[in-house]
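The next block holds one structure in the form of structure tokens; read it before the comments.
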Amino acid sequence: MMRYSIAAATSLLLAAGATAAVVRSNHACASVSDSWIEQKASSKPGDKFVASVPAALAYDCLNSVPLDEQAARELVDALEPYLQFQSDTAYKANPPPGYPFPAHDIFASLASVKGKVLSKEYRSEYAFQLDLFETVFAPGHDSQFQYVPDILSLPVAWGRTDFLVSVSDDGSSLPVIKRYEDVVEDPVKAPVIIAINGVDAASFIESVAAKGTEWSDVDAGYNSMFMQRSANSRFGIKGSFHRGGNIGLAYPGPTTSYTYDNGTTVTVNNVARLRGDWSQLRDGAAVFAMFCVPGGQHTARPAPKHPYIYDTPPLFAAKDGRFFKYPEPVIATSDLVVSGYYLNGTGLDHVAVLALSSFVGNSTAEFQSVCSRFLEMAAAAGKTKLVIDVQYNPGGIFLQAIDLLRQLIPHIHVDYNLRQKMSGGAVALARSFDERLAGIDPLAAPEKDVAWDSGLWYTNWRFGVDVHGRKFTKFEDKFSSQVIKETTYTSLYRWDLQDPLITTNKQYGVGIEITGHGTRANAGVLRFRPENIAILHDGICNGACAFFSEQLSRHGGVKTIVLGGRPKLGPMQGSGGGKGGPVIPLHTLYEAVQRAKAVAKDGEHIAALDRFSDVAFRRSTYATVNSADWILDEHIEDGVPTQYLTSHADCRLFWTVPMLRDGAEVWKAAADAAFHGAKCAYGGLYAVKVAHSGLRMPR
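Read in order, the letters of the sequence shown correspond to residues -20 to -1, 1 to 679 in mature numbering (1 follows the signal peptide of the UniProt record, and there is no 0).
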């Protein structure tokens, strides 16, 4: 991100007059800057430098950052056409019975924020952006509907010094909350935290999670607050109570107090880790100039390399070839996204474990190959039971999930009907591409953009097939104005698994043949009976992971187990993440709009496309919308998206202290419950689970 000079930025803000409300005191920022300079001077050469200050000091500094009212108005206005691409806004505003969160009208909330800007209710840039996030985006509880404004993410990272665990004494009794460090020091004597900031500890954690979590299930949000072995070993996460996630975007207060069951209360200062170079940031105006970019001065985002596969950071354990506190895998992808294990111990020698950290990695071909080889190896080694571990799986490429489904259960019904909103911008985009793509073989066209745009499911009516597997023959077949909840949607469609543009093509597709099609028509082999497969969750199963899990459970008759959740008896969902179609990053949508504008001829379409500016994503570090609703076959008539359906796991277990020490302990507990009749904390598992179709899988 290009930085302005401090003097120039300060002059610009002061000259703005009525468009910038400057807050009085700037001493806090000078103190933060002084602390950064002192910590930098005392750091050792070669060490990773991370400076931190008391959270209250950083909070005072951010609240002295002046609000640029004109830029605030521009940002709110810029967001609206992008948010029209969010597929489920009508259901967020009026959710069906049983949905765990309050109704949330995105556009009314956006209008409310704009009204506050116009009436000059915000006293700082931080106050404005925090309210924008907490009013418009956080109440969506949707990991695929995300917007992280610049001042909430770039200057500081809020955090608490302690990270907590939720553990049961025996795996079935209700869990209690403890400090991880206390448990490590003495698991038996570690005191129980009974209150946080004077509120019952579990209630405090639940309330924070319910307000700010990006997960669509309360128990999943509760789990995300804690340190647990899988998330920590795979991603270095210690729980959102400690730091990170959507919850970590908001100031946690100056201190956190813990009351223990032994009667003691301890109060600890919360911290703010400083990002960037604070040496010259002596006042709020300088902070604004450093981290906010309303004037268009910014480093260009790297061009996306693929229409729908996005770069993801590598797992830090990949360099070691194994995860911390886990056994060494018998086989793994080079990036550890897929890893396979054999269990040992009483009654466990016949159990294999396929661990999936996500559904996107360095190579789709390697993902496919390693999964195939492991299933073959395990069966050949005499393994008859399979645990599939999808704990803390953020999702990825759903075609990769379909491929693995067909490897596991070759004849499984795959239920993936999609639809998207027909907003004015969406129709203008699709209509503008219509003539340009007519009669062209996208893979033979000399222009790269032709193949790229042909593979954009949300713009090209020729993309995909209808629910009967037939190609669309004209624009109106797909963009057919289906009205549900007073919202106009496209017809239902599916991705065409035989289309080389999205499958075998390495530049625009996933670069593999999907199992069950083409040369891999007979590649799937039923090596493990469905009743001998259990899929293991912790609630954080998002996107492609949720799709994979739902298919295995509903149509495969596979057993489902979930860990953790709130300390109360009752069922819990395994997949508590987003259950929609592919996400669209705002900047890739903007680029598609620019290409459409270059060929658009209709005046109304041009006007609709002109509403899309780069302001929305320039003012954000992460911004996505969910492009399509996923509709199960049984909900084609009523149209309810899968996002708003509840699918409880068959069996619920709680974490124990041994599971923190050794990741394989979770697998052993899951295997005992799934295959040896060990008691669940809630629910139960049976020898043969009837698939959703009402039929047992064929023998």
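For glycine and all other residues, C-beta sits at the position ideal for the given N, C-alpha and C.
Since this is a predicted model, take the numbers as computed values, not measurements.
Handout entry: Nearest-angstrom beta carbon gap, VAL605 and GLN66 [assumed within contact, 8 angstroms]
Key = 4 angstroms
Exercise for the section: Run the proximity test for SER153: is its beta-carbon closer than 7 angstroms to any non-hydrogen atom belonging to the ligand MG? Expected result: The ligand MG is not part of the structure shown, which contains no ligands of any sort.
Problem - GLY664 in three-state terms, based on DSSP - result: coil
Exercise for the section: Evaluate contact between the segment 520 to 532 and the segment 377 to 388, counting only Cβ atoms and requiring at least three cross-stretch pairs below 8 angstroms. Expected result: yes
Exercise for the section: Classify SER44 as buried or exposed, calling it buried when 16 or more other Cβ atoms lie within 10 Å of its own Cβ. Expected result: Buried: at least 16 other Cβ atoms inside 10 Å.
Practice task
On a CA-only basis, which of SER337, HIS567, GLN387, ASP518 is nearest ALA298? Give me that one, please.
Solution key: SER337
Problem - Nearest-angstrom Cα separation, counted from PRO390 out to CYS351 - result: 14 angstroms
Practice task
Measure the C-alpha to C-alpha separation of ALA31 and VAL246 and round it to an integer number of angstroms.
Solution key: 24 angstroms
Practice task
Helix, strand or coil for TRP475, going by three-state DSSP, please let me know.
Solution key: Assignment of TRP475 by DSSP, reduced to helix, strand and coil, places it in the coil class.
Practice task
Indicate whether the contact test is met: 3 or more Cβ pairs, each with one atom in the segment 589 to 605 and one in the segment 513 to 522, closer than 8 angstroms.
Solution key: no
Practice task
Pick helix, strand or coil for ASN212, following the three-state DSSP scheme.
Solution key: helix
Problem - Nearest-angstrom Cα separation, counted from THR483 out to SER343 - result: 13 angstroms
Handout entry: Distance between THR236 and ALA269 (C-alpha atoms, nearest Å)
Key = 32 angstroms
Handout entry: Distance, SER11 Cα to ILE377 Cα
Key = When the Cα atoms are used, ILE377 and SER11 turn out to be separated by approximately 46 angstroms.
Problem - Within-8 angstroms CB hit, ALA52 to chain B - result: Any reference to chain B falls outside this structure, which holds one protein chain only.
Handout entry: Segment contact, 8 angstroms Cβ cut-off, at least three pairs: the segment 314 to 334 with the segment 637 to 653
Key = yes
Practice task
With DSSP as the reference, label PHE339 as helix, strand or coil.
Solution key: strand
Problem - Under 8 angstroms between C-beta atoms of VAL251 and PRO34 - result: yes
Problem - Run of the alpha helix (DSSP H) containing GLY404, from where it starts to where it stops - result: 404 to 417
Exercise for the section: Check residue 707 in the structure and name its three-state DSSP category. Expected result: Lying before the first or after the last residue shown, residue 707 is absent from the chain, which here runs from -20 to 679.
Practice task
Can you check the segment 219 to 272 for any beta strand (DSSP E) of at least 3 residues that lies completely inside it and give the ranges in chain order?
Solution key: 235 to 240, 245 to 249, 251 to 254
Problem - Meets three-Cβ-pair contact criterion under 8 angstroms: the segment 427 to 446 and the segment 611 to 627 - result: no
Exercise for the section: Keeping to the same chain, check which residues put their C-beta closer than 6 angstroms to that of GLN19; ignore five residues upstream and five downstream. Expected result: ALA31
Handout entry: Which of helix, strand or coil DSSP assigns to GLN52
Key = Note that residue 52 is Ala in the sequence shown here, rather than Gln. Helix.
Exercise for the section: Compare the beta carbon distance of ALA588 and GLY375 with 8 angstroms and say whether it is the shorter of the two. Expected result: no
Practice task
Give, in chain order, every unbroken run of the alpha helix (DSSP H) that is at least 4 residues long and sits entirely within the segment 118 to 143.
Solution key: For the segment 118 to 143, whole alpha helix (DSSP H) runs of length 4 or above, ordered along the chain, are 130 to 133.
Exercise for the section: Express the C-alpha separation of VAL542 and GLY663 in angstroms, rounding to a whole number. Expected result: 10 angstroms
Problem - Cut-off 6 angstroms between Cβ atoms - residues of its own chain near SER555, not counting five sequence neighbours on either side - result: If we look at SER555 and ignore the five residues flanking it on each side, its Cβ neighbours are CYS521, ALA526, SER529.
Practice task
Throw me the rounded Cβ distance for the TYR39 and TYR231 pair, which I believe falls under 8 angstroms.
Solution key: Rounded to whole angstroms, the Cβ separation of TYR39 and TYR231 is 5 angstroms, and the two are in contact under 8 angstroms.
Problem - Proximal residues to ILE217 (C-beta, below 8 angstroms), its chain only, five neighbours per side dropped - result: So the list reads MET207, ALA211, GLY224, TYR372, once near-sequence residues are dropped.
Exercise for the section: Could you tell me whether the segment 290 to 305 touches the segment 574 to 581, using the rule of 3 or more Cβ pairs below 8 angstroms? Expected result: no
Practice task
Would you decide whether GLY(-4) is buried or exposed? Buried here means 16 or more other CB atoms lie within 10 Å of its CB.
Solution key: In this prediction, GLY(-4) scores a pLDDT of 33, lower than 50, which makes its location untrustworthy; the coordinate-derived value is nonetheless stated afterwards. Under this definition GLY(-4) is an exposed residue.
Practice task
Report, in whole angstroms, the separation of the C-beta atoms of SER220 and HIS121, which I expect to be a contact under 8 angstroms.
Solution key: In fact, because the Cβ distance is near 14 angstroms, the residues do not count as touching under 8 angstroms.
Practice task
Note down, in chain order, each residue of its chain lying with its Cβ closer than 6 angstroms to the Cβ of LEU532, except the 5 sequence neighbours on either side.
Solution key: ILE515, VAL538
Exercise for the section: Tell me the start and end of each unbroken beta strand (DSSP E) in the segment 515 to 599 that is at least 3 residues and wholly inside, in chain order. Expected result: Listed in chain order, they are 539 to 543, 563 to 565.
Exercise for the section: Over the uninterrupted alpha helix (DSSP H) stretch that includes GLY95, give me the two end residues. Expected result: 86 to 98
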